[in-house]
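Chemist: If you're matching positions, the sequence shown starts at 1157 in the numbering used here and goes up one per residue.
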Amino acid sequence: MSIDIRPGTPADHRAMAGAMANALLSPAPDDEAWAKSAPSWLETPSFGAWDGDECVGSASQFLVDTTVPGGARLPTGAVSRVGVLPTHRRRGVATRLLRALVDDACARGLALMSLRASEATIYERYGFGMAGESASVTVDSARARPLRAAPANGRIRFVAPDDVLATVEPIYDAALHRRPGMVTRPATWWERYLAKAITLGTASHVVVHEREPGRPDGYAHYDVTWNDGGPGLGGGRGKVRDVIAADDATELALWAFILDLDLVRTWTAGERPVDDVVPGALYDRRAYRVTGIDDEQWLRLVDIDRALAARTYNPVPDSVTVTVDDQWIGANCDTWRIGADGAERAHGDGELRADISAVSAAYLGGITWRALAATGRVVGPADAVERADQLFATRPLPFCGSFF
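(1) So, for Glu1199: in the same chain, excluding its five sequence neighbours on each side, which residues have a beta-carbon less than 7 Å away from its beta-carbon?
(2) Can you find at least 3 beta carbon pairs, one from the region 1431-1444 and one from the region 1295-1307, that sit closer than 8 Å?
(3) State the DSSP-derived secondary structure class of Val1240, mapped to helix, strand or coil.
(4) Is the beta carbon of Ser1558 sitting closer than 9 Å to the one on Val1235?
(5) Thinking just about the alpha-carbon of each residue, which of Thr1243, Asp1545, Gly1532 and Arg1509 is nearest to the one in His1521?
(6) Per DSSP, Leu1455 is paired with what?
(7) Answer with buried or exposed for Gly1208, where buried requires no fewer than 16 other C-beta atoms within 10 angstroms of its C-beta.
(8) Is the beta carbon of Ser1290 less than 9 Å from the beta carbon of Trp1454?
(9) Alpha carbon to alpha carbon, what distance is there between Val1212 and Met1172?
(10) By alpha-carbon positions, which one of Arg1245, Asp1490, Val1535 and Ala1409 ends up nearest to Glu1500?
(11) Taking just the CA atoms, how far does Thr1223 sit from Leu1332?
(12) Going by other Cβ atoms of all chains shown within 10 Å of its Cβ, with 16 needed for buried, is Arg1393 buried or exposed?
(13) Please report how far the alpha carbon of Asp1330 lies from the alpha carbon of Ile1400, in whole angstroms.
(14) Quick one: using the 10 Å Cβ neighbour count with 16 as the cut-off for buried, is Gly1265 buried or exposed?
(15) For Val1362 and Leu1410, I'd like the C-alpha separation in whole angstroms.
(16) For the region 1459-1473 and the region 1223-1232, state whether three or more C-beta atom pairs, one from each stretch, are separated by less than 8 Å.
(17) Where do the N-terminal and C-terminal ends of the alpha helix (DSSP H) with Ser1196 fall, by residue?
(18) Check for me: the alpha helix (DSSP H) holding Tyr1328 runs from which residue to which?
(19) Run through DSSP, which three-state label would Phe1555 get?
(20) Taking only three categories from DSSP, how would you classify Gly1213?
(21) Hey, how far is the Cα of Ser1475 from the Cα of Arg1281?
(22) Taking just the CA atoms, how far does Arg1348 sit from Thr1355?
(23) Please go through the same chain and pick out, in chain order, the residues whose beta-carbon is closer than 8 Å to the beta-carbon of Arg1462, but skip the five residues on each side of it.
(24) Which term fits His1365, buried or exposed, when burial requires 16 or more other beta carbons within 10 angstroms of its beta carbon?
(25) Taking Ser1274 as the reference, which of Met1176, Val1420, Val1220 and Ile1312 has the closest Cα?
(26) Measure the C-alpha to C-alpha separation of Ala1276 and Glu1210 and round it to an integer number of angstroms.
(27) Should Ser1513 be labelled buried (16 or more other beta-carbon atoms within 10 Å of its own) or exposed?
(28) What residues in its chain sit with their C-beta under 8 Å from that of Ala1496, if we drop five residues either side in the sequence?
(29) Could you have a look at Glu1507 and say whether DSSP puts it in helix, strand or coil?
(30) What are the complete alpha helix (DSSP H) segments, minimum 4 residues, inside the region 1394-1481?
(31) Around the Cβ of Asn1309, are there at least 16 other Cβ atoms within 10 angstroms (buried) or fewer (exposed)?
(32) Could you work out which residue in Leu1241, Trp1484, Thr1323 and Asp1416 is closest to Asp1296 when comparing CA atoms only?
(33) Return the chain-ordered list of same chain residues with a C-beta closer than 8 Å to the C-beta of Arg1313, the five sequence neighbours on each side being excluded.
(34) Mind checking whether Ser1292 and Val1478 have CB atoms under 9 Å apart?
(35) Against chain C, with Cβ distances strictly below 9 Å, would Gly1521 count as a contact?
(36) Short of 6 Å in beta carbon distance, which residues of its chain neighbour Thr1358, apart from the five on each side in sequence? Order them along the chain.
Pasting the structure below:
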């Protein structure tokens, strides 16, 4: 029997969730879990793969905006819940599901698609490029203190559970311009990220920094617990879930508060920028230990004209021309001249030739054209590769910080 790919409806969502969970080594949602998860499915255009009455795969995308170099925000499909049952793999089901999502993104006028990959070998074939990394870290509190440059002005206060959502969302939105790759967060994401902090009886806390009373300009979300053995036997440990601030000074003030908490000996954070400002502010920078570097965001340009025009480029004197190949979106197949003044379609063959996955990887400025050329994903002379790097390079590096 052939596999039918069709848009998901509310009546389909639970079966799709079950198939996705199975594919990703997780249990199907029970009634309580589904009651919490069901509203988020209504936020996502989705597609299911059906073998008769059995759902054998799913793919969906949240509708968000991504910050690009220069601060513009572009409409983005945040791809999520992609999975195919083990019984139906190697039959092209995932390819058809992703193709349906890409076509849907085009129809909706999205400029980008973004995802977190369960495996790093899958998505390049669909036009996605690895565009940003994140670090997992451990910090020794005693060795880290005192922090340099942590401002003394302002105050930090705890946020009551009932006020957490209303307090942190505007702080996050105001900070979105700080790094390329950051995305807007739908309501259901906030509810998932902050579930413990808005529930009484948990040691999950949100604090805000205020330079002026009643005007918070940064927040931190963290969990604390005792080490094995409880009080007096090794102290406690903490997990930093989120630190978002209007500027570096406020971010460091929040970290100074966290690292000065009594009884907590060690902190971990699962996602930090690879160019984090924190290590350089510590009394002993070796107190901050990177335990892993992971590919964080995979990006795909859907509307290449809109994407290239929206971001800014560095003020270098020379431009570069790039010919792009895209097997799924014919409108993206052309040559562009890219310079300090922007990007426009050009005539003829470009100095560089690249697949859409390579251009997508380089787009946010965190992956170099040189690295792509060295691995054969960009073809062209070295001087053109260097010009592309000079134009696209971005600081701070791209970082998303939102798991979806």
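Glycine included, C-beta positions come from ideal geometry on N, C-alpha and C.
Modeler: From the atom records:
(1) Phe1218, Pro1342 and Thr1344
(2) yes
(3) Correct three-state label for Val1240: strand.
(4) no
(5) This sequence places Gly at residue 1521; His is not what is there. Residue Asp1545 is the option with its Cα nearest to Gly1521.
(6) Under DSSP, the beta-bridge partners assigned to Leu1455 are Ser1270 and Gly1285.
(7) exposed
(8) With contacts defined as CB atoms closer than 9 Å, Ser1290 and Trp1454 fail to qualify as a contacting pair.
(9) Their Cα atoms are separated by approximately 8 Å.
(10) Asp1490
(11) Their backbone Cα atoms lie some 7 Å apart in a straight line.
(12) By the 10 Å Cβ count, Arg1393 comes out buried.
(13) Here the sequence assigns Ala to residue 1330, which means Asp is not the residue at that position. Those two C-alpha atoms are separated by around 10 Å.
(14) exposed
(15) The straight-line gap from Cα to Cα measures roughly 11 Å.
(16) yes
(17) It spans Asp1187 to Trp1197 - the alpha helix (DSSP H) in which Ser1196 sits, taken as one unbroken run.
(18) Val1320 to Ala1331
(19) coil
(20) In the structure shown, the three-state DSSP call for Gly1213 is strand.
(21) Here the alpha carbon of Ser1475 sits roughly 29 Å from the alpha carbon of Arg1281.
(22) Straight-line Cα distance between these residues: approximately 12 Å.
(23) Leu1230 and Ala1267
(24) Residue environment analysis places His1365 among the buried positions, since at least 16 neighbouring C-beta atoms fall within 10 angstroms of its C-beta.
(25) Nearest C-alpha to Ser1274: Met1176.
(26) 28 Å
(27) buried
(28) Cβ neighbours of Ala1496 beyond the five flanking positions: Tyr1469, Asn1470, Pro1471, Val1472, Pro1473, Ser1475 and Leu1547.
(29) coil
(30) Listed in chain order, they are 1404-1415, 1434-1437 and 1460-1466.
(31) exposed
(32) That would be Asp1416, whose Cα lies nearest to the Cα of Asp1296.
(33) Val1363, Val1364 and Glu1366
(34) no
(35) Among the protein chains of the structure shown there is no chain C, as only one such chain exists.
(36) Lys1352
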